[in-house]
Amino acid sequence: MLEVKHLTKSYQKDKPALTDISFSVEPGNFLAIIGPSGAGKTTILRSLNQLIKDDDGQILLDGSDIRSDNKSQLRKHRRQIGMVFQNYNLVERLTVIENVLHGRLGYKSTLAGMFGIYSEEEKKEALELLDKVGLKDFALQRCSELSGGQKQRVGIARSLIQHPKVILCDEPIASLDPASSHTVMHLLKQLTIEFNIICVANLHQINLAKKYADRIVGIRQGKLVFDEESSMLSEEILETLYDQSISKELE
Ligand SMILES: Nc1ncnc2c1ncn2[C@@H]1O[C@H](COP(=O)(O)OP(=O)(O)OP(=O)(O)O)[C@@H](O)[C@H]1O
Ligand SMILES: [Mg+2]
Numbered sequence: 001m002l003e004v005k006h007l008t009k010s011y012q013k014d015k016p017a018l019t020d021i022s023f024s025v026e027p028g029n030f031l032a033i034i035g036p037s038g039a040g041k042t043t044i045l046r047s048l049n050q051l052i053k054d055d056d057g058q059i060l061l062d063g064s065d066i067r068s069d070n071k072s073q074l075r076k077h078r079r080q081i082g083m084v085f086q087n088y089n090l091v092e093r094l095t096v097i098e099n100v101l102h103g104r105l106g107y108k109s110t111l112a113g114m115f116g117i118y119s120e121e122e123k124k125e126a127l128e129l130l131d132k133v134g135l136k137d138f139a140l141q142r143c144s145e146l147s148g149g150q151k152q153r154v155g156i157a158r159s160l161i162q163h164p165k166v167i168l169c170d171e172p173i174a175s176l177d178p179a180s181s182h183t184v185m186h187l188l189k190q191l192t193i194e195f196n197i198i199c200v201a202n203l204h205q206i207n208l209a210k211k212y213a214d215r216i217v218g219i220r221q222g223k224l225v226f227d228e229e230s231s232m233l234s235e236e237i238l239e240t241l242y243d244q245s246i247s248k249e250l251e
């Protein structure tokens, strides 16, 4: 279980980016974080794997506080937290399967990682994961030859080969067309259940958040203003969250 308690962060003095954010997610659940630009969504996500240091609060992964980790504990925790990026963060000139295998780097010595030494078992698992995201036939293709939607599916396979407890997705579909967006969201939901992991995604696409996420957290000016099952997201709440009527988004 992932529990965030009273998370607080200011980048500049007297300008809080996050104030007292608390929420929790159980394995097998997909949580979407929504809210206007600058609300603090990325700050939350980056705090969850300590890419940025927050100021106060607790981030408990199965009861253990990531914020009080020493270096080696943090390395272990980061292996348990996969990342999926808006811009995929793939090595374009490498093949699809090589990119998936990069998800194993957190488990390797620098040298083994540098020489790309992976076991047969790891390669087999990479192929199985590519099969799950519908890209088995693309394993030996260079990533530069893929569409955006396909690249994001490689990114998802790369995060899963880490054997994560949590995957964090910062706007995973912001660069995709509507059809690929649905494919990626559907996959995230399905794999979250299949692997019994926690998926937390920042999204601007409210209709897709409502369709695919189990739960939605709404952030406004660094404060949590909504934390409910996604079916509870109403027009009134969206108006409060975004300061305007965006009811069309829900259609
Ligand atoms: N490195 C930084 N230094 C100073 N201020 C920052 C930094 N990163 C973010 N902020 C500020 O913190 C606040 C929250 O930013 P954040 O990137 O978390 O928002 P967001 O909800 O992810 O927005 P978007 O939807 O545009 O991605 C904003 O006011 C932003 O200007
Ligand atoms: Mg952001």
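Numbering of the sequence shown is given in UniProt numbering, commencing with residue 1 and proceeding in unit increments.
For every residue, glycine included, the Cβ atom is placed at its ideal position computed from N, Cα and C.
Any non-hydrogen atom of ligand 1 within 8 Å of residue i CB
{"i": "Y212", "result": "no"}
{"i": "S181", "result": "no"}
{"i": "P36", "result": "yes"}
{"i": "A17", "result": "yes"}
Proximity below 9 Å, CB of residue i to CB of residue j
{"i": "D56", "j": "T8", "result": "yes"}
{"i": "I216", "j": "P164", "result": "no"}
{"i": "V154", "j": "V200", "result": "no"}
{"i": "C169", "j": "L90", "result": "no"}
{"i": "A32", "j": "Q221", "result": "no"}
{"i": "S159", "j": "G82", "result": "yes"}
{"i": "E171", "j": "L203", "result": "yes"}
{"i": "K211", "j": "M232", "result": "no"}
{"i": "F30", "j": "K189", "result": "yes"}
{"i": "H182", "j": "L146", "result": "no"}
{"i": "L18", "j": "S37", "result": "no"}
{"i": "L60", "j": "V4", "result": "yes"}
{"i": "Q162", "j": "Y107", "result": "yes"}
Where residue i falls: helix, strand or coil (DSSP)
{"i": "R75", "result": "helix"}
{"i": "S22", "result": "strand"}
{"i": "G57", "result": "strand"}
{"i": "G106", "result": "helix"}
{"i": "G82", "result": "strand"}
{"i": "N99", "result": "helix"}
{"i": "Q205", "result": "coil"}
{"i": "S175", "result": "coil"}
{"i": "I66", "result": "helix"}
{"i": "L45", "result": "helix"}
Distance, residue j Cα to residue i Cα
{"i": "A174", "j": "I206", "result": "12 Å"}
{"i": "S109", "j": "V225", "result": "43 Å"}
{"i": "L101", "j": "Q152", "result": "15 Å"}
{"i": "R75", "j": "G116", "result": "20 Å"}
{"i": "I193", "j": "P27", "result": "8 Å"}
{"i": "I227", "j": "K53", "result": "Sequence check: residue 227 is Asp here, not Ile. If you take the alpha carbons of D227 and K53, they lie about 24 Å apart."}
{"i": "G148", "j": "Q50", "result": "28 Å"}
{"i": "I237", "j": "K223", "result": "14 Å"}
{"i": "L127", "j": "Y88", "result": "19 Å"}
{"i": "S119", "j": "Y11", "result": "42 Å"}
{"i": "L105", "j": "G113", "result": "6 Å"}
{"i": "S64", "j": "S72", "result": "14 Å"}
{"i": "D22", "j": "K124", "result": "Note on residue identity: the sequence assigns Ser, not Asp, to residue 22. Distance between the alpha carbons of S22 and K124 is about 39 Å."}
{"i": "V25", "j": "L2", "result": "5 Å"}
{"i": "I167", "j": "H6", "result": "21 Å"}
{"i": "S230", "j": "I34", "result": "11 Å"}
Distance cut-off 8 Å: residue i Cβ against heavy atoms of ligand 2
{"i": "K9", "result": "no"}
{"i": "T42", "result": "yes"}
{"i": "E128", "result": "no"}
{"i": "D170", "result": "yes"}
{"i": "N202", "result": "yes"}
Residue-level contact to chain D via CB, residue i, 9 Å cutoff
{"i": "M114", "result": "Protein chains in the displayed structure number just one, and chain D is not present."}
Whole alpha helix (DSSP H) runs in the region 109 to 164 with 4 or more residues, listed along the chain? 110 to 114, 120 to 132, 148 to 160
Considering only residues of the region 183 to 228, which uninterrupted alpha helix (DSSP H) runs meet the minimum length of 4 residues and lie entirely inside it, listed in chain order? 206 to 212
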